[in-house]
Amino acid sequence: MFYSSLVPSPEQAAKMQWSDVAYEKLAPLDKSLSFTIDMSAVPCGCNAALYLVQMDMPSGDDGSGYCDIQGFDDPSMKACTELDVIEGNQKALQSTLHTTPGKGEDGRCNQDGCAANWGRHEETNPAYGLPNTKGVPSHTIDSSKPLHVTATFTSKRINWYDDAGCAFEVEVAQGDRRVKLLDSTRDGNGVDRTPRPFASADLQRTYEAVTNGLVLVASLWTTDDLSWLDGGCDAEYPKSSSAGVEAAEVEAPEVEVEEAEAAEDEPEAPRVEKARADAEHRVKAEAESRARAALAAREAARQAAAVEAESRAKNARAREERARAKEEHERRLAEARALAKANKAAKEGSGVERHEEEQVLTFSASSRR
Numbered sequence: 001m002f003y004s005s006l007v008p009s010p011e012q013a014a015k016m017q018w019s020d021v022a023y024e025k026l027a028p029l030d031k032s033l034s035f036t037i038d039m040s041a042v043p044c045g046c047n048a049a050l051y052l053v054q055m056d057m058p059s060g061d062d063g064s065g066y067c068d069i070q071g072f073d074d075p076s077m078k079a080c081t082e083l084d085v086i087e088g089n090q091k092a093l094q095s096t097l098h099t100t101p102g103k104g105e106d107g108r109c110n111q112d113g114c115a116a117n118w119g120r121h122e123e124t125n126p127a128y129g130l131p132n133t134k135g136v137p138s139h140t141i142d143s144s145k146p147l148h149v150t151a152t153f154t155s156k157r158i159n160w161y162d163d164a165g166c167a168f169e170v171e172v173a174q175g176d177r178r179v180k181l182l183d184s185t186r187d188g189n190g191v192d193r194t195p196r197p198f199a200s201a202d203l204q205r206t207y208e209a210v211t212n213g214l215v216l217v218a219s220l221w222t223t224d225d226l227s228w229l230d231g232g233c234d235a236e237y238p239k240s241s242s243a244g245v246e247a248a249e250v251e252a253p254e255v256e257v258e259e260a261e262a263a264e265d266e267p268e269a270p271r272v273e274k275a276r277a278d279a280e281h282r283v284k285a286e287a288e289s290r291a292r293a294a295l296a297a298r299e300a301a302r303q304a305a306a307v308e309a310e311s312r313a314k315n316a317r318a319r320e321e322r323a324r325a326k327e328e329h330e331r332r333l334a335e336a337r338a339l340a341k342a343n344k345a346a347k348e349g350s351g352v353e354r355h356e357e358e359q360v361l362t363f364s365a366s367s368r369r
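full-length UniProt numbering numbers the first residue of the sequence shown as 1 and each following residue consecutively.
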């Protein structure tokens, strides 16, 4: 399916009102979106972009309905999930996933995004750029020639209870060379660009956006600083002028969306059967998920009860040990007291006998005198 016819001509656009506009919404889950783009006339410091946003239809109240991820910082516009299929110029090429507010390398696809870039950093320069001064190609992808871009939106289960996610990835091809630009297994916005997969929450938000419908947007623009895209301009890649961008004629690329699984002319009966099978699978998966959750809860309760019983038994044994120790202490104390009493009595008895003997001896002596 091709979408270039959806782009109005300049004459049509000049006469249009937002109330006359209806966007084509794409839901490319398990499909691929592909197009050919020519960056040869897009200089450094300029951004030619093709991207998808989760925007609403236009209305008389809020104009175009446009939104993107930077709306979180701009109160004048709405914020929404943004999938940057391609942003670039002669020097650099980038693909980015944005699903959530925030800035910096925090492992989330935030406003800075889960991005893959060729050309901003020196180590990626061999991947993309213009031929050398002698006109000899010195990069894997030659930016002086058209390149073919394919974005895929692959459904996947992201956890043991079967929550749905979508892996957004981008591949660039030129001639017989095919190179993956954005890879969901490594471009997850890790600290210091450390490779890490997209977080489950980002996969889940991407799934929600893709299944609810996305609007395709093309843009060409410049600003004072696009170093986040191309790392800055130099003699080899001179900076663009605003006047040149404003005067440029932009030709929207033909964008093709292809089914990854079923053809569009698939008979009704197989589609109905597939839908029924999918529904049965979801019901079965939900039942299995509930059963696993119940089993896990029972096991957790059993383990907690076992721990509690062991704790009670341990406390009972400790109380018994303390009682026996107390009895033993009291027994020994009683024995010591009895022994002391007996010793005292024996000592007092011995003193009385000696006193009586002294009296008898004294009486006998008196009688003799």
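For glycine and all other residues, C-beta sits at the position ideal for the given N, C-alpha and C.
With a threshold of 7 Å on Cβ separation, who are the neighbours of residue i within its own chain once the five nearest residues in sequence on each side are excluded?
i    : result
V21  : P58
Y23  : M57, V215
D38  : P146
E288 : none
K25  : G213, L214, V215
For a test of the three-state rule: what should DSSP assign to residue i, helix, strand or coil?
i    : result
G129 : strand
F72  : helix
R108 : coil
L29  : coil
H139 : coil
A345 : helix
S64  : coil
H98  : strand
V307 : helix
S240 : coil
V215 : strand
T36  : strand
S191 : The question names Ser, but residue 191 is Val in the sequence shown. In this structure, V191 counts as helix in the three-state DSSP scheme.
R196 : strand
Could you pull the start and end residues of the alpha helix (DSSP H) that residue i belongs to?
i    : result
S227 : 227-230
S200 : 200-212
Take residue i and list the residues in its own chain whose beta-carbon comes closer than 8 Å to its own, dropping the five residues that flank it on each side.
i           : result
S311        : none
residue 371 : Residue numbering for the chain in the displayed model covers 1 to 369; residue 371 lies beyond these limits and cannot be assessed.
P126        : S138, H139, T140
D163        : R157, S200, Q204
Of the choices the options, whose alpha-carbon is the least far from that of residue i?
i    : options                : result
M55  : G45, C67, C46, C44     : C67
D112 : K145, T124, N189, E254 : N189
L229 : D30, S40, G45          : G45
C114 : H98, K103, E122        : H98
F35  : E254, T100, F72        : E254
C80  : V210, V257, A116       : V210
L52  : E308, T152, E320, I141 : T152
A201 : R157, V172, K239, G65  : R157
T222 : E82, V85, L50, N89     : N89
A92  : K103, W118, G107, G104 : W118
A49  : L203, L220, L182, A294 : L220
C233 : T100, D176, P197, G129 : G129
V191 : R317, A294, R108       : R108
K239 : G104, L26, P43, L33    : P43
P178 : T150, K326, K284, S350 : Sequence check: residue 178 is Arg here, not Pro. The residue with the shortest Cα to Cα distance from R178 is T150.
D106 : E208, E320, A167, R196 : R196
V85  : N132, D142, L181       : L181
E171 : S184, L203, E123, G231 : S184
E208 : S155, D224, R186       : S155
Exposed or buried, what is residue i when buried is set at 16 or more other beta-carbons lying within 10 Å of its beta-carbon?
i    : result
G165 : buried
T194 : exposed
A262 : Note that A262 scores a pLDDT of 42, beneath 50, so its modelled location is shaky; the value from the coordinates is reported in the next line. With fewer than 16 Cβ atoms within 10 Å of its Cβ, A262 is classed as exposed.
E169 : buried
Q303 : exposed
P28  : buried
N110 : buried
K134 : exposed
E11  : exposed
A199 : buried
R120 : buried
D73  : exposed
R205 : buried
L295 : exposed
G349 : exposed
A313 : exposed
L83  : buried
N47  : buried
First and last residue of the beta strand (DSSP E) that includes residue i?
i    : result
R157 : 147-157
E171 : 164-174
E82  : 82-88
Y51  : 46-53
A235 : First-last for A235: undefined, no H or E at that position.
W118 : 114-118
K180 : 177-182
Is any heavy atom of the ligand MG found at a distance shorter than 7 Å from the C-beta of residue i?
i    : result
E328 : Among the components of this structure there are no ligands whatsoever, and the ligand MG is therefore not found.
By Cβ distance, which residues of its chain are closer than 6 Å to residue i, with the 5 residues on each side in sequence left out?
i           : result
H148        : T36, A173
residue 370 : Residue coverage of the chain in this structure runs from 1 to 369, which leaves residue 370 outside it and unanswerable.
T96         : D84, G113, A115
Strictly under 8 Å for the Cβ-Cβ distance: is residue i near chain C by that measure?
i   : result
Y66 : Of the chains in the structure shown, none is chain C; there is only one protein chain.
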